[in-house]
Amino acid sequence: MKIRFLALILLFSFGSLLYAEDSLINIQQLQKSLQAKEKQLAEKEKALNEKEKRLKTLEADLNAKQKELEEIRNTIQKLYNDLKVVDDENIDKLVKTLSNTKPKSAAAIIEKMDDNQAVKVLKKMDSKKSGAIMTALGKSNPEKAAKISEQLISSQR
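Residues in the sequence shown are numbered from 1 upward in steps of one, following UniProt numbering.
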């Protein structure tokens, strides 16, 4: 009986050892799996950090380009304003000159001008003087006079 009892204890001990060995194998497999997952996570984190760094670089580049474009826009706006001032001054001088010129001669000058510039000049003139010039222009070039008249009317709206 003692032998049976010892055999039984030995059998249970051996079974426990087998179970413990299986558990140890499972723990080792879980540990390897966990290490692989940690490695994948570290690689993904590294890639994410690199992308974040690249994104910050691109953002800085974009901000620099935006600032540069804003400076260019401001420069263009200043140049446009300066040109407008010069253009207005030139038109004012031309208005004075044409106001002191006979209507027929002024009409000959207006006839050779760009329509938009002619409209600007005529709008700044005294209405009697511009009317006399338009009458003279209508006699020499009725088509041009009609186009300018249409632009004068549409610009007053």
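We treat Cβ as the ideally placed atom computed from N, Cα and C, and that holds for glycine. Small disclaimer: the values here were computed from a predicted structure and weren't measured.
Output the boundary residues of the alpha helix (DSSP H) element that contains residue i.
| i | result |
| --- | --- |
| D115 | 115 to 124 |
| T135 | 127 to 140 |
| K104 | 103 to 112 |
Give me the Cα-Cα distance between residue i and residue j, rounded to the nearest whole angstrom.
| i | j | result |
| --- | --- | --- |
| P103 | M113 | 15 Å |
| N141 | I91 | 22 Å |
| D115 | Q66 | 38 Å |
| A132 | K147 | 16 Å |
| M134 | V86 | 26 Å |
| N63 | K37 | 38 Å |
| N100 | K128 | 13 Å |
| D126 | Y80 | 28 Å |
| T75 | E43 | 48 Å |
| L48 | S155 | 60 Å |
| D82 | D88 | 10 Å |
So is residue i buried or exposed if we call it buried at 16+ other beta carbons inside 10 Å?
| i | result |
| --- | --- |
| S130 | buried |
| L137 | buried |
| L98 | buried |
Return yes when the Cβ of residue j is within less than 7 Å of the Cβ of residue i, no when it is not.
| i | j | result |
| --- | --- | --- |
| K144 | E111 | yes |
| Q151 | V119 | yes |
| V95 | K124 | yes |
Any chance the CB of residue i is under 6 Å from a heavy atom of the ligand SAM?
| i | result |
| --- | --- |
| K32 | Ligands in the displayed structure: none, and consequently the ligand SAM is not present. |
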